[in-house]
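First the structure, in the form of structure tokens, and then the observations on it.
In UniProt numbering, the protein residues as written are 1 to 320.
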């Protein structure tokens with residue numbers, strides 16, 4: 001008997017009613033899939049993993065919770081009074097008429113194409129070698145996430161790049177877990193939305209002309225700004241402005257998520273991963289069989305240019 005686990009996202013307005021929803025689908029072969037959709041206010045990636053591990057324990061007869069969740073939301077509350085110490089260009093304040101309440105993401109029903117870009121270990125090593133051409137003399141650690149995020153940023157920026165918009169600024173947002181960055185740190189069992197975004201910005205012309213190692217360094221530098229002081233300043237800014245993330249593209253890494261390692265009474269899942277959602281501004285990076293995968297959702301024309309930029313970056317011997 002096999003099982004597949006997927007983490008999916010519901011439409012925002014449905015989630016106003018259901019903060020979390022599960023869908024169980026059984027198959028004639030005896031296997032089944034579990035779909036989970038949540039509001040990010042309720043669970044971030046680490047919280048979702050903890051929730052799934054606890055869910056699995058309840059399928060056993062007498063197994064205790066794997067992780068007792070910490071539900072104290074005061075740990076991430078804004079200060080009183082709020083104290084904004086830094087500028088925060090990674091967020092913007094929507095210009096809303098008075099009385100309309102909190103801003104929401106309204107995903108237009110645009111036709112999107114979905115592509116999983118599979119990067120083999122050879123492709124990952126090629127990216128690391130390219131990044132190391134000038135990073136070798138610095139303290140920047142070249143990781144899978146950093147090189148894949150830099151490549152995705154480059155492809156997304158150049159997919160909308162023409163001779164008429166060379167000065168257009170492209171901003172990459174990288175989702176960062178705050179738990180270990182705060183003072184005192186949050187427990188790993190914290191249940192909630194303990195993530196913020198780190199930003200990297202450059203013009204499309206610079207992104208095209210700079211060596212790949214420069215982009216990797218910028219991706220690596222962005223999370224370093226997220227100190228305890230900076231994170232608390234962001235939380236206070238959001239309390240005052242009720243803002244939203246401001247960037248062309250967002251990268252969310254599942255490389256360290258262990259959804260596929262959760263043990264149920266019938267064993268581990270045969271597959272786990274994200275399901276496509278109607279968001280063209282976010283890319284999920286998750287483990288592959290031999291390397292890493294990047295799930296990209298874009299309109300057809302933009303996807304065509306993204307694919308071209310992706311394939312042109314590699315030698316033919318690596319990307320067939």
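Beta carbons: idealized from backbone N, C-alpha and C, even for Gly.
Check: Integer-rounded CB distance, given that residue 189 should sit under 8 Å from residue 70; Outcome: 5 Å
Check: DSSP state of residue 45 mapped onto helix, strand, coil; Outcome: helix
Check: Expected contact under 8 Å - CB spacing of residue 23 and residue 35 to nearest Å; Outcome: 4 Å
Check: Contact under 7 Å by Cβ, residue 274 with residue 295; Outcome: yes
Check: For residue 205 and residue 86, the rounded distance between their alpha carbons; Outcome: 28 Å
Check: Closest residue to residue 262 among 49, 231, 184 and 82 (Cα-Cα distance); Outcome: 49
Check: Contact under 7 Å by Cβ, residue 113 with residue 303; Outcome: yes
Check: Residue 246 beta carbon less than 7 Å from that of residue 91; Outcome: yes
Check: Run of the alpha helix (DSSP H) containing residue 241, from where it starts to where it stops; Outcome: 228-241
Check: For residue 206, three-class secondary structure by DSSP; Outcome: helix
Check: Those runs of the beta strand (DSSP E) which lie wholly inside the segment 134-196 and span at least 3 residues; Outcome: 169-177
Check: Span of the alpha helix (DSSP H) around residue 303; Outcome: 300-313
Check: Other residues of its chain near residue 213: CB distance less than 6 Å, five sequence neighbours each side excluded; Outcome: 131, 133, 134 and 135
Check: First and last residue of the uninterrupted beta strand (DSSP E) at residue 286; Outcome: 282-288
Check: Where residue 88 falls: helix, strand or coil (DSSP); Outcome: coil
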